[in-house]
Ligand code: F6P
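In the numbering used here, the protein residues as written are 157 to 484.
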């Protein structure tokens, strides 16, 4: 079989480890693997990854040593053209011309939504891998890159705590995660933050201000409040509003942004990437399609793409309650 692979949307630490597992599994099983550069755009432009031997085909050694590297050697993009019926038709024609039998897109919600729609245009096998820091997909306990991004956020917050304590200040720290508060809540729990503002459990400014006064009264010398991106007005406006609402701490605001997408993947992300990449190839061999490879309770499983991308991944309320309990 001939299998195409690409990384699309926001990159995430572990995409390279996933690619390595796909290439190693597929080549070992006697298949050919072609890498498309820059996500779906690479199909439309027929832009292939050129392996060390100068051919647009991976060999075992083409992926040596890449598991530990952040980013993606295939590069990534968001491709509006692919989201149109004309773009999908064009991509399908190119895949047919190239003789591709199976496609493995590595990416998040947007990437897999595109993959699911593409089944109407192309009859090859499609199995996606969950590459996103956001942890907003169903059908897997965690997404590839999430744990590394939490580690990066915790490292940053630990450093901010040092200066916050020295100056008796409050820091408002904005973290990525699109519409999902997983990164924010996990960071808050791991770094001992006092308050987490996530889209799933919104807190009004007067409520936050009241909590800050309570924390001040019980002697908290510094405060770290983590805020998911897209929450209310953004951290600078929140800073102003909290000041006006009588926040007892001097406030500074920090946006960590794309920092969370960089860095070498942690071991757990590399393992998850390896499990899902391997399963994606095995799934295509078994004739599966329109599915996502994930890991649930340590078991690698395939979930229909429609379910994987559906709705909003729910954050357990127990975790929010846990933060409230331990942060005072
Ligand atoms: O989906 C991954 C992600 O990093 C989100 O957390 C964030 O909202 C978005 O991508 C940022 O996208 P871009 O890199 O295109 O600005």
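Idealized CB from N, CA, C, for every residue including glycine.
Fully enclosed by the region 405-457, which beta strand (DSSP E) runs are 3 residues long or longer?
Listed in chain order, they are 407-411 and 447-452.
Buried or exposed: residue 303, going by 16 or more other Cβ atoms within 10 Å of its Cβ?
Within the chain shown, the letter at position 147 stands for residue 303. It counts as buried.
Leaving aside the five residues before and after residue 446 along the sequence, list all residues of the same chain whose C-beta is less than 7 Å from its C-beta, in chain order.
The residue given as residue 446 occupies position 290 in the chain shown. Answer for residue 446: 272, 275, 282, 460 and 461, listed in chain order.
Does the region 419-436 touch the region 392-408, meaning 3 or more C-beta pairs lie closer than 8 Å?
Contact between the region 392-408 and the region 419-436 is absent, because fewer than three Cβ pairs lie under 8 Å.
Is the CB-CB distance between residue 478 and residue 309 below 8 Å?
Residue numbering aside, residue 478 sits at position 322 when the chain shown is read from its first letter. Residue numbering aside, residue 309 sits at position 153 when the chain shown is read from its first letter. The answer is no: Cβ separation not under 8 Å.
Just the C-alpha distance for residue 405 and residue 394, rounded to the nearest angstrom, thanks.
In the chain shown, the residue the question calls residue 405 occupies position 249. In the chain shown, the residue the question calls residue 394 occupies position 238. Distance between the alpha carbons of residue 405 and residue 394: 14 Å.
Can you tell me whether residue 356 sits near the ligand F6P, meaning its C-beta is under 7 Å from at least one heavy atom of the ligand?
As a working mapping, residue 356 is identified with position 200 in the chain shown. Not one heavy atom of the ligand F6P sits closer than 7 Å to the Cβ of residue 356.
Proximity to residue 254 [Cα-Cα], best of 241, 342, 236 and 280
Walking along the chain shown from the start, residue 254 turns up at place 98. Closest by alpha carbon: 280.
Taking 7 Å as the limit between beta carbons, can you name the residues of its chain near residue 180, skipping five residues before and five after?
On the chain shown, position 24 is the one that residue 180 refers to. The beta carbon of residue 180 sits closer than 7 Å to those of 216 and 219, all from its chain and outside the five residues before and after it, given in chain order.
Candidates 166, 332, 463 and 432: closest to residue 454 by CA position
Here the question's residue 454 lines up with position 298 in the chain shown. Considering only alpha carbons, the answer is 432.
Suppose you measure from the CA of residue 160 to the CA of residue 397; what does that come to, to the nearest Å?
Start at 1 with the first residue of the chain shown, and residue 160 comes out as number 4. Start at 1 with the first residue of the chain shown, and residue 397 comes out as number 241. Those two C-alpha atoms are separated by around 50 Å.
Counting along the chain, where does the beta strand (DSSP E) carrying residue 263 start and finish?
Taking the chain shown and counting its residues from 1, one reaches residue 263 at position 107. Taken as a continuous stretch (DSSP letters only), the beta strand (DSSP E) holding residue 263 covers 258-263.
Closest residue to residue 419 among 375, 357, 305 and 347 (Cα-Cα distance)
As a position in the chain shown, residue 419 is number 263, starting the count at 1. The shortest Cα separation from residue 419 among 375, 357, 305 and 347 belongs to 305.
Look up residue 202 in the DSSP assignment and give the residues it is bridged to.
Along the chain shown, one-based indexing puts residue 202 at 46. DSSP output for residue 202 lists no bridge partner at all.
Tell me the DSSP secondary structure of residue 487 in three-state form.
No information on residue 487 is available, as it lies outside the stretch 157 to 484 that the chain covers here.
Among 318, 379, 313 and 190, whose alpha-carbon lies nearest the alpha-carbon of residue 260?
Here residue 260 refers to the residue found at position 104 when the chain shown is read from its first residue. Of the listed residues, the one whose Cα sits closest to residue 260 is 190.
Between residue 202 and the ligand ADP, is the CB less than 7 Å from at least one heavy atom?
Looking for the ligand ADP in the displayed structure turns up nothing; the ligands present are the ligand F6P.
Span of the alpha helix (DSSP H) around residue 243
Numbered from its first residue, the chain shown carries residue 243 at position 87. Note, residue 243: alpha helix (DSSP H), 241-254.
When DSSP builds the beta bridges, which residues end up paired with residue 315?
Reading the chain shown from its first residue, position 159 is the one you call residue 315. DSSP lists no partner for residue 315.
Could you work out which residue in 184, 286 and 337 is closest to residue 473 when comparing CA atoms only?
Locating residue 473 in the chain shown gives position 317, counting from the first residue. The residue with the shortest Cα to Cα distance from residue 473 is 337.
Evaluate the contact criterion for the region 366-381 versus the region 320-335: three or more CB pairs, one atom per stretch, below 8 Å.
Yes: the two stretches touch, three or more of their Cβ pairs being nearer than 8 Å.
Exposure of residue 319, with buried meaning 16 or more beta-carbon neighbours within 10 Å:
As a position in the chain shown, residue 319 is number 163, starting the count at 1. The Cβ neighbour count for residue 319, taken over all protein chains shown within 10 Å, is under 16; the residue is labelled exposed.
Considering residue 397, what are the terminal residues of the alpha helix (DSSP H) in which it resides?
The residue given as residue 397 occupies position 241 in the chain shown. That run of the alpha helix (DSSP H) goes 391-400.
By Cβ distance below 8 Å, which residues in the same chain neighbour residue 221 in space, the five residues on each side in sequence not counted?
By 1-based counting over the chain shown, the position of residue 221 is 65. No residues qualify anywhere along the chain.
Under 7 Å from any heavy atom of the ligand F6P, does the C-beta of residue 337 make it?
Here residue 337 refers to the residue found at position 181 when the chain shown is read from its first residue. It does not: the Cβ of residue 337 is nowhere closer than 7 Å to a heavy atom of the ligand F6P.
Span of the beta strand (DSSP E) around residue 384:
For the purposes of this step, residue 384 is taken as residue 228 along the chain shown, with counting starting at 1. Going by DSSP, residue 384 is part of the beta strand (DSSP E) stretching over 379-384.
Looking at residue 468 and the ligand F6P, is the gap between the Cβ and the nearest heavy atom below 7 Å?
Taking the first residue of the chain shown as position 1, residue 468 is located at position 312. Checking the Cβ of residue 468 against the ligand F6P gives no.
Would you identify the three-state DSSP class for residue 355, choosing helix, strand or coil?
Position 199 of the chain shown, counted from the start, is the residue given in the question as residue 355. If DSSP states are grouped into helix, strand and coil, residue 355 belongs with coil.
If you follow the beta strand (DSSP E) that residue 494 is part of, which residue opens it and which one closes it?
Any property of residue 494 remains undetermined from this structure, which presents the chain solely from 157 to 484.
Buried or exposed: which applies to residue 167, given that a residue is buried once 16 or more other Cβ atoms fall within 10 Å of its Cβ?
Looking up residue 167 in the chain shown gives position 11. For residue 167, the number of other beta carbons within 10 angstroms of its own is at least 16, and it is reported as buried.
Anyone know if the C-beta pair for residue 177 and residue 429 falls short of 8 Å?
Residue mapping note: residue 177 aligns to position 21 of the chain shown, counting from 1. Residue mapping note: residue 429 aligns to position 273 of the chain shown, counting from 1. By the CB criterion at 8 Å, residue 177 and residue 429 fall inside the cutoff.
Straight-line CA distance for residue 203 to residue 251?
Taking the first residue of the chain shown as position 1, residue 203 is located at position 47. Taking the first residue of the chain shown as position 1, residue 251 is located at position 95. Taking the straight line from one Cα to the other gives about 12 Å.
Cβ shell of residue 267 (< 6 Å), same chain only, five flanking positions each side left out
Within the chain shown, residue 267 is the residue found at index 111, counting from 1. The residues are 164, 165 and 261.
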